[in-house]
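Participant: Let me begin by handing over the structure; questions about it come next.
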Amino acid sequence: MEKIDQLDRKILEIISQNARIPFKDVAEECGVSRAAIHQRVQKMIELKIIVGSGYHINPRVLGYNTCTFIGVKLERGSMYKDVVPELEKIPEVVECHFTTGPYTMLIKLYAKDNEHFMELLNGRIQEIPGVISTETLISLRQSFKRALPMTGIS
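1 is the number of the first residue of the sequence shown in the working numbering; add one for each residue after it.
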């Protein structure tokens, strides 16, 4: 990966706080031209430093009131590649990680309520071939979510 410089870090810091900010405003804050910002952002997209942009949607407003983290144990770790496509078929599963520790996988899921959650857990996730057990942690409140800090990145 190519190194990013101080200007790249400043751009990342600004756009990670507000992805909809106009390039002219970023340019003004950085003291460079709008074209320079556009070129830098395009370069970071090509280098896969920036991997998408968009809007963050509040699940609660859409009726998804239960946020859970589920530790999943598989028969064999190598089954991960077969289980992931099955989890991708469940739209309420929003994250999936292959992990070390007591679980083979950790997934994040939103459900409308506890009954909906039980349908997803018992009727979908635990029915996937290779899943031998699950352990659920229910999030009572998300205290914060933030972007990775740009300080200390070389």
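Where is the CB? At the ideal position from N, CA and C, for every residue including glycine.
If you pair each beta-carbon of the stretch 81-91 with each one of the stretch 119-139, do three or more pairs fall below 8 Å?
Facilitator: Contact holds: three or more Cβ-Cβ distances are below 8 Å.
Participant: With a threshold of 16 other CB atoms inside 10 Å of the CB of L120, please say whether the residue is buried or exposed.
Facilitator: By 1-based counting over the sequence shown, the position of residue 120 is 120. Result: buried.
Participant: When we look at the beta-carbon of F117 and count the other beta-carbons within 10 Å, is it buried (16 or more) or exposed?
Facilitator: Within the sequence shown, the letter at position 117 stands for residue 117. Counting Cβ neighbours within 10 Å, F117 comes out buried, since at least 16 surround it.
Participant: Quick one: any contact between the stretch 90-108 and the stretch 32-45, if contact means 3 or more CB pairs under 8 Å?
Facilitator: The stretch 90-108 vs the stretch 32-45: no contact.
Participant: I believe C30 touches S139 by the beta-carbon criterion, under 8 Å. Please report the beta-carbon distance rounded to the nearest angstrom.
Facilitator: For the purposes of this step, residue 30 is identified with residue 30 of the sequence shown, where counting begins at 1. For the purposes of this step, residue 139 is identified with residue 139 of the sequence shown, where counting begins at 1. Incorrect: roughly 37 Å between the Cβ atoms, too far for contact.
Participant: Check the DSSP bridge columns for T134 and list the partner residues they point to.
Facilitator: Mapped onto the sequence shown, residue 134 falls at position 134. The partner list for T134 (beta bridge, DSSP) reads V72.
Participant: Pair every Cβ in the stretch 95-102 with every Cβ in the stretch 54-67, then say whether three or more of these pairs are closer than 8 Å.
Facilitator: Counting Cβ pairs under 8 Å, fewer than three are found: no touch.
Participant: My output table needs one value for K48: the three-state DSSP class, helix, strand or coil.
Facilitator: For the purposes of this step, residue 48 is taken as the residue at position 48 of the sequence shown. Here K48 sits in coil by DSSP.
Participant: With DSSP run on the structure shown, which of helix, strand or coil describes E86?
Facilitator: Locating residue 86 in the sequence shown gives position 86, where the first residue counts as 1. Correct three-state label for E86: helix.
Participant: For P59, which residues from the same chain have a beta carbon less than 6 Å from its beta carbon, with the 5 sequence-adjacent residues on both sides left out?
Facilitator: Start at 1 with the first residue of the sequence shown, and residue 59 comes out as number 59. If we look at P59 and ignore the five residues flanking it on each side, its Cβ neighbours are Y110.
Participant: In terms of residues, what are the limits of the alpha helix (DSSP H) holding E92?
Facilitator: Reading the sequence shown from its first residue, position 92 is the one you call residue 92. No alpha helix (DSSP H) contains E92, which DSSP labels as neither H nor E.
Participant: So for K10, helix, strand or coil by DSSP?
Facilitator: Locating residue 10 in the sequence shown gives position 10, where the first residue counts as 1. If DSSP states are grouped into helix, strand and coil, K10 belongs with the helices.
Participant: Tell me which same chain residues have a C-beta within less than 7 Å of the C-beta of G71, skipping the five on either side of it?
Facilitator: Position 71 of the sequence shown, counting from 1, holds the residue named residue 71. Same-chain partners within the cutoff: P102, Y103, L106, T134 and E135.
Participant: Going by beta carbon distance, what residues of the same chain come within less than 7 Å of D8, once the five residues before and after it are set aside?
Facilitator: As a first step, residue 8 is located in the sequence shown; it is residue number 8 there, counting from the start. Once the five neighbours on either side are set aside, the close Cβ partners of D8 are R40 and M44.
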